[in-house]
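One line per chain: the protein sequences are F and Y, in this order.
Quick note: the first sequence, position 9, residue 9 per the numbering used here, numbers continuous.
Quick note: the second sequence, position 268, residue 346 per the numbering used here, numbers continuous.
Ideal Cβ placement from N, Cα and C applies to all residues, glycine included.
Written out below as structure tokens is the structure these notes cover.
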Amino acid sequence: MNVAELSRVRRSIVPSPGDTWVEIARRELPDTPEAEAVSSLQSWNLHVFMRAATQMAGQPNPILPSDVIFVEPPLVSR
Amino acid sequence: MYDLLIKNGKVVDGSGLPAYRADVAVQDGRIVRIGHIKDGARRVVDAAGKVVAPGFIDPHTHFDAQLLWDGFAKPALEHGVTTIVPGNCSLSLAPLREEHRMKLVGMFNQIEEMPLKAFKEGVVWDWESFAGYIARIRKGLAINVAPLVGHSVLRLWVMRQAAMERPATQGEVAEMQSLLRECLDAGAIGLSTSYVDMDERLQPVPSRYADAAEIDALASVLGEYGRMLQIVPEFYDADLTIARLDQLAELSLRHNIPTTFSPLFVNADNLEAVNRVMRRVDEQFARGARVWPQVQTRPIDISFCFAVPSLLFIRLPSWYRIMRFGTPDEVIAAFREPDSRARLIAEGAAYTGLWPALTLRHVKTEANRTLVGKTLGEIAQLRGVTPIEAMIDLSIEEDLDAHFLSAAMGHNIDAEVGRLLAHPRVHIGASDGGAHILSFSTYGDTGYLLGHFVRDLKMMSLEAAVKKVTSDTASIWGIPDRGLLQPNYVADIVVFDPVLIDRGVEDYVGDVPGDGSRYVRDSRGVDQVFVGGALAWSAGGGYQDAHGEVLPGEILAGIAA
Numbered sequence: 001m002n003v004a005e006l007s008r009v010r011r012s013i014v015p016s017p018g019d020t021w022v023e024i025a026r027r028e029l030p031d032t033p034e035a036e037a038v039s040s041l042q043s044w045n046l047h048v049f050m051r052a053a054t055q056m057a058g059q060p061n062p063i064l065p066s067d068v069i070f071v072e073p074p075l076v077s078r
Numbered sequence: 079m080y081d082l083l084i085k086n087g088k089v090v091d092g093s094g095l096p097a098y099r100a101d102v103a104v105q106d107g108r109i110v111r112i113g114h115i116k117d118g119a120r121r122v123v124d125a126a127g128k129v130v131a132p133g134f135i136d137p138h139t140h141f142d143a144q145l146l147w148d149g150f151a152k153p154a155l156e157h158g159v160t161t162i163v164p165g166n167c168s169l170s171l172a173p174l175r176e177e178h179r180m181k182l183v184g185m186f187n188q189i190e191e192m193p194l195k196a197f198k199e200g201v202v203w204d205w206e207s208f209a210g211y212i213a214r215i216r217k218g219l220a221i222n223v224a225p226l227v228g229h230s231v232l233r234l235w236v237m238r239q240a241a242m243e244r245p246a247t248q249g250e251v252a253e254m255q256s257l258l259r260e261c262l263d264a265g266a267i268g269l270s271t272s273y274v275d276m277d278e279r280l281q282p283v284p285s286r287y288a289d290a291a292e293i294d295a296l297a298s299v300l301g302e303y304g305r306m307l308q309i310v311p312e313f314y315d316a317d318l319t320i321a322r323l324d325q326l327a328e329l330s331l332r333h334n335i336p337t338t339f340s341p342l343f344v345n346a347d348n349l350e351a352v353n354r355v356m357r358r359v360d361e362q363f364a365r366g367a368r369v370w371p372q373v374q375t376r377p378i379d380i381s382f383c384f385a386v387p388s389l390l391f392i393r394l395p396s397w398y399r400i401m402r403f404g405t406p407d408e409v410i411a412a413f414r415e416p417d418s419r420a421r422l423i424a425e426g427a428a429y430t431g432l433w434p435a436l437t438l439r440h441v442k443t444e445a446n447r448t449l450v451g452k453t454l455g456e457i458a459q460l461r462g463v464t465p466i467e468a469m470i471d472l473s474i475e476e477d478l479d480a481h482f483l484s485a486a487m488g489h490n491i492d493a494e495v496g497r498l499l500a501h502p503r504v505h506i507g508a509s510d511g512g513a514h515i516l517s518f519s520t521y522g523d524t525g526y527l528l529g530h531f532v533r534d535l536k537m538m539s540l541e542a543a544v545k546k547v548t549s550d551t552a553s554i555w556g557i558p559d560r561g562l563l564q565p566n567y568v569a570d571i572v573v574f575d576p577v578l579i580d581r582g583v584e585d586y587v588g589d590v591p592g593d594g595s596r597y598v599r600d601s602r603g604v605d606q607v608f609v610g611g612a613l614a615w616s617a618g619g620g621y622q623d624a625h626g627e628v629l630p631g632e633i634l635a636g637i638a639a
């Protein structure tokens, strides 16, 4: 089996250096209005977005360099 | 004249092939002959009616600290485990600068529930390098150790405070690569990292500040040696787990390394999620990648008393706060004082199903002994209170030495767990041996496998189950000369009774340095355990005192897997 034959899974990226929600939204969802794209990204990535409230004291950007960021909703919910 | 002859046993040789009756001869620590043997030996063991198998290999432990005061890794050895892999989940005790010792102790305390006092009173800190740590534990080693080096620790060494703040620069990555090579040369069997763990400040551990380029650079070093990469993924979510295993697959293919992720739990509410993960594992293996999910054999249960913090209360902030930061007197005061008591009861009200199902498992007073074994629901009825009030009252009466058990909290659907364990691309592991010592016993998983899933439920053959925890593990990790009963293999051997093999009952014992205690289990049905041909434990004699002789445990660095 080669990589092209892998079944489709939920699309994700790893952050580029310094990425914020806005930068990811502009890059990954260019056809979606920015505010809507950011809101969508945050709702698809609660494992990162919710971190802001409880963790990362003193750091405004909750996105860690090692995070997986989903750039589409769960496949099963479509 | 052989050193050791194990006669008349049923040989389950670790290959998965059918068992056969034979004698096993050992000379100079290695198996030299298997068959019908008439020659004599200095030690002869009659194994009639017993199984003779290779020693079990436990690939996911946190014995890093315990090995400093206990070279047997008790009670792992008495369960037939002859090789352990510590250093999982991005945490090892080396390489470690003196200035970072307390930082690392804090992380072990937060993540693996290792008591601070045990480190303070049980550890003589006389190493910094990985080689220094290896030299330190080698002195009294009775069990074989194949240690991982932790990614968080590498980052701390190279980046110091910045390890907990940002990605590494190219120069820092190069330094980490050199340091990793040093560790691998000194005996590390691979690298571990974590994507979920939090440190003692409840901030992400250093490994979580690494970007993909850093992981790739470190994996390239593992590729030079053909060594293992272990990760803890976001195991609570299937999409995240699949994304991580895809990352592992790319690293495995690019650098030709084995990888493993742990844990993978199966529950009533995630059956399809686990199926999706396993379908992805199958696909990635079909590409030639090696991405081994680790599955534990035992159900999840948690024991606790209010003298120490418990994972069970981590979502109940008022409870967790008093357990984590309160002295025993303060905890009792919080339980007695009406306002505080009412607040705790109110906060616990959300968990209506939890409290009545808890079982009282240990008390110290005679007055309450008749209640041991009853649920809090039953005790509450007897006393005319609510279950949560019964728990508080018992804790006061027992001076916080009342222990409760929350049993079968998950991973307990036998049909599903057994199906996973038997899957050819599932790696049996994730015991967490040596960790979480104040919440549950992490020992006896192999006895549970062989007793529960093999003998009682007949979900796997004995030969297949033994292969899973011996030669499969040795092959996956590149551990040479172990995991099989064959001539020239090292004589790590367990003799057990297939009718009796099991894990024992969980017990709370006070054998941790600093007057600490922990939950452990003894073994059932294990007769004798040999490491490198030397008797390390027997049912009749317990752990073997070496009387000044060199103990048989070795550091197993592994070969290209």
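Looking at the C-beta of residue i, does it have a partner C-beta in chain Y at a distance below 7 Å?
{"i": "Leu64 of chain F", "result": "yes"}
{"i": "Val9 of chain F", "result": "yes"}
{"i": "Arg78 of chain F", "result": "At Arg78 of chain F, the pLDDT of 42 sits below 50, so the modelled position is not reliable; the number obtained from the coordinates is stated separately. Chain Y, which has no Cβ nearer than 7 Å to the Cβ of Arg78 of chain F, makes this no."}
{"i": "Leu29 of chain F", "result": "no"}
{"i": "Val71 of chain F", "result": "no"}
{"i": "Leu6 of chain F", "result": "yes"}
{"i": "Ser12 of chain F", "result": "yes"}
{"i": "Thr20 of chain F", "result": "no"}
From the beta carbon of residue i, is the nearest beta carbon of chain F less than 7 Å away?
{"i": "Glu456 of chain Y", "result": "no"}
{"i": "Leu323 of chain Y", "result": "no"}
{"i": "Ile320 of chain Y", "result": "yes"}
{"i": "Glu361 of chain Y", "result": "yes"}
{"i": "Arg286 of chain Y", "result": "yes"}
Provide the residue(s) that pair with residue i in DSSP beta bridges, ordered along the chain.
{"i": "Pro371 of chain Y", "result": "Y:Phe339"}
{"i": "Met538 of chain Y", "result": "DSSP, once it has assigned bridges, lists no residue as partnering Met538 of chain Y."}
{"i": "Trp397 of chain Y", "result": "According to DSSP, which records beta bridges pairwise, Trp397 of chain Y is partnered with nothing at all."}
{"i": "Asp580 of chain Y", "result": "Y:Arg602"}
{"i": "Pro282 of chain Y", "result": "Y:Met276"}
{"i": "Gln308 of chain Y", "result": "Y:Ser270 and Y:Thr338"}
{"i": "Ile162 of chain Y", "result": "Y:Asp136 and Y:Val223"}
{"i": "Phe382 of chain Y", "result": "Y:Phe482"}
{"i": "Trp21 of chain F", "result": "DSSP lists no partner for Trp21 of chain F."}
{"i": "Gly594 of chain Y", "result": "Y:Val590"}
{"i": "Trp615 of chain Y", "result": "Y:Val607 and Y:Tyr621"}
{"i": "Lys181 of chain Y", "result": "Its beta-bridge partners do not exist; DSSP assigns none."}
{"i": "Ala100 of chain Y", "result": "Y:Gly87"}
{"i": "Asp585 of chain Y", "result": "Y:Val598"}
{"i": "Arg505 of chain Y", "result": "Note that residue 505 of chain Y is His in the sequence shown, not Arg. Bridge partners of His505 of chain Y: Y:Gln372."}
{"i": "Phe574 of chain Y", "result": "Y:Val129 and Y:Val604"}
Can you list the residues of chain F that residue i reaches, using a CB-CB cut of under 8 Å?
{"i": "Arg461 of chain Y", "result": "Chain F residues near Arg461 of chain Y: none, gap ~38 Å exceeds 8 Å."}
{"i": "Ala364 of chain Y", "result": "Met1"}
Starting from the beta carbon of residue i, find every residue of chain F whose beta carbon is closer than 7 Å, and list them in chain order.
{"i": "Tyr273 of chain Y", "result": "Ser66"}
{"i": "Glu206 of chain Y", "result": "Chain F residues near Glu206 of chain Y: none, gap ~26 Å exceeds 7 Å."}
Starting from residue i, find everything on chain Y with Cβ-Cβ shorter than 8 Å and list it in chain order.
{"i": "Pro17 of chain F", "result": "Pro245 and Asp289"}
Please compile the residues from chain Y whose C-beta is within a distance smaller than 7 Å of the C-beta of residue i.
{"i": "Pro74 of chain F", "result": "Asp317"}
Would you mind telling me which residues of chain F sit closer than 9 Å to residue i, beta carbon to beta carbon, in chain order?
{"i": "Arg305 of chain Y", "result": "Neighbours of Arg305 of chain Y on chain F: none; closest Cβ ~21 Å, over 9 Å."}
{"i": "Arg358 of chain Y", "result": "Leu6, Ser7 and Val9"}
Would you mind telling me which residues of chain C sit closer than 7 Å to residue i, beta carbon to beta carbon, in chain order?
{"i": "Glu312 of chain Y", "result": "Looking at the structure shown, chain C is missing, and the protein chains on hand are F and Y."}
Does the beta carbon of residue i fall short of 6 Å from some heavy atom of the ligand ATP?
{"i": "Glu28 of chain F", "result": "Among the components of this structure there are no ligands whatsoever, and the ligand ATP is therefore not found."}
Which full runs of the beta strand (DSSP E) of 3+ residues lie inside the segment 200 to 241 of chain Y, going along the chain?
-> You should have 226 to 228.
Run through the segment 115 to 157 of chain Y for me and flag every whole beta strand (DSSP E) of 3 or more residues, listed as ranges in chain order.
-> Complete beta strand (DSSP E) runs here, min 3: 119 to 124, 129 to 132 and 134 to 136.
Counting only runs of 3+ residues fully inside the segment 414 to 456 of chain Y, write out the beta strand (DSSP E) ranges in chain order.
-> Unbroken beta strand (DSSP E) runs of no fewer than 3 residues, entirely contained in the segment 414 to 456 of chain Y, are found at 437 to 440, following chain order.
Ignoring anything shorter than 3 residues or poking outside the segment 2 to 48 of chain F, list the beta strand (DSSP E) runs there in chain order.
-> Within the segment 2 to 48 of chain F, there are no complete beta strand (DSSP E) runs of at least 3 residues.
Tell me the start and end of each unbroken alpha helix (DSSP H) in the segment 287 to 332 of chain Y that is at least 4 residues and wholly inside, in chain order.
-> Runs of the alpha helix (DSSP H) lying entirely within the segment 287 to 332 of chain Y, each at least 4 residues long, are 290 to 303 in chain order.
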